[in-house]
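Everything below concerns the one structure shown next.
Protein chains: 2
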Amino acid sequence: MVVKESPALDRIFQALANPSRRAMLRMLTDGEQNISSLAEPLQMSFEGASKHVRVLEQAGLVARRVRGRVHLVRIRPMALVQANEWLEFYTRFWNQQMDALEAMFDEE
Amino acid sequence: MVVKESPALDRIFQALANPSRRAMLRMLTDGEQNISSLAEPLQMSFEGASKHVRVLEQAGLVARRVRGRVHLVRIRPMALVQANEWLEFYTRFWNQQMDALEAMFDEE
DNA sequence: GATATATTCAACTATATGGTTGTAAAAGAA
DNA sequence: TTCTTTTACAACCATATAGTTGAATATATC
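Protein chains in written order, with this note's numbering: chain H, 462 to 569; chain S, 462 to 569.
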């Protein structure tokens with residue numbers, strides 16, 4: 462098998478692998494926020510948080526619009542939907558396994 | 462916000478962020494396989510593939526059982542279900558957004 | 001016992017990641 | 001204009017990741 466590349470999925474899962482970034486996404490479900498307010502509750506430097514935003518942005522998980530000096534960041538759930546679709550295949554597989562297990566018990 | 466840690470989720474998403482590892486999971490839906498046969502289609506050294514298996518294992522995405530000299534690896538979809546549950550929150554959010562958008566169009 | 005197979009371990013390399021600090025720039029407020 | 005706020009850029013550091021190679025170990029097979 463030559464591994465079918467999916468750089469988009471790589472970046473999405475990579476972005477989700479960090480708890481600070483997941484926290485940011487959680488915050489953004491309350492609506493658009495600028496980087497400062499995203500940074501504030503995370504105990505790290507502003508620049509650290511800013512880097513996390515860039516990672517999320519490159520994964521397509523957030524988008525930003527610039528209003529004067531503040532950068533407003535909003536969640537873009539479409540990328541998450543993409544991750545979800547990838548996982549769906551396996552949850553289907555999981556359900557099949559569960560069904561098979563049940564059938565085995567029923568046979569006894 | 463003090464980021465609520467979830468090392469399990471960290472490891473799961475981290476493991477999924479690599480295309481070779483995702484390919485391995487895909488292969489394992491056909492059933493248990495030993496490391497050699499997982500390694501074969503990936504163009505990398507055996508040891509490279511073996512490391513990937515260890516990453517998947519530590520994320521709880523696969524388990525192995527040793528039968529003599531071969532290590533049989535099987536998928537463990539439970540961890541994937543965990544990732545799926547995390548994503549579910551956002552797909553719900555996504556659907557709400559879609560509904561709101563539809564409502565806006567309807568009003569016009 | 002000798003050989004082949006499947007795997008791990010150890011050491012190493014290159015690059016990525018997550019974080020820092022200091023400096024600069026742009027925009028709003030005084 | 002000056003001061004403050006919000007952000008980016010550059011350089012740096014420590015650690016992790018993805019990969020390699022060579023040697024060792026355990027189990028089958030001849």
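Built from N, CA and C at the ideal position, the CB exists for glycine as well.
P468 of chain S counts as exposed, since fewer than 16 other C-beta atoms from the protein chains shown sit within 10 angstroms of its C-beta.
Taking the C-beta atoms as reference points, I536 of chain S is found nearer than 9 Å to Y551 of chain H.
C-alpha of Q519 of chain H to C-alpha of F554 of chain S: approximately 21 Å in a straight line. Taken in chain order, the members of the region 539 to 550 of chain H whose beta-carbon sits within less than 7 Å of a beta-carbon on chain S are L541, V542, A544, N545 and L548.
Where A544 of chain H is concerned, the enclosing alpha helix (DSSP H) starts and stops at P538 to E568. By the C-beta density criterion, S506 of chain S is exposed, having fewer than 16 other C-beta atoms within 10 angstroms. By the Cβ rule, the region 525 to 542 of chain H counts as touching the region 485 to 495 of chain H, because three or more pairs are nearer than 8 Å. Counted as a single uninterrupted DSSP element, the alpha helix (DSSP H) harbouring R472 of chain H occupies residues P468 to L477. In the three-state reduction of the DSSP assignment, A524 of chain H falls in the strand class, which pools E and B. Note that the C-beta distance between Q475 of chain S and V516 of chain S is below 9 Å.
Sequence-ordered contacts of the region 501 to 512 of chain H with chain S read P502, L503 and Q504 [C-beta pairs closer than 8 Å].
When DSSP reads this structure, H532 of chain S sits in a beta bridge with S:V527. Judged by DSSP secondary structure, Q519 of chain H falls within the alpha helix (DSSP H) whose first and last residues are F507 to Q519. Approximately 6 Å separates the beta-carbon atoms of W547 of chain H and L470 of chain H; this is inside 8 Å, confirming the contact. For E493 of chain H, the CB contacts under 6 Å within the same chain, skipping 5 residues up- and downstream, are L533 and R535 in chain order. For the 9 Å CB-CB criterion, A540 of chain S and G521 of chain S form a contact. Taking 9 Å as the Cβ-Cβ cut-off, the region 464 to 486 of chain H approaches chain S at V464, K465, E466, S467, P468, L470, D471, R472, I473, F474, Q475, A476, L477, A478, N479, P480, S481, R483, A484 and L486, given in chain order.
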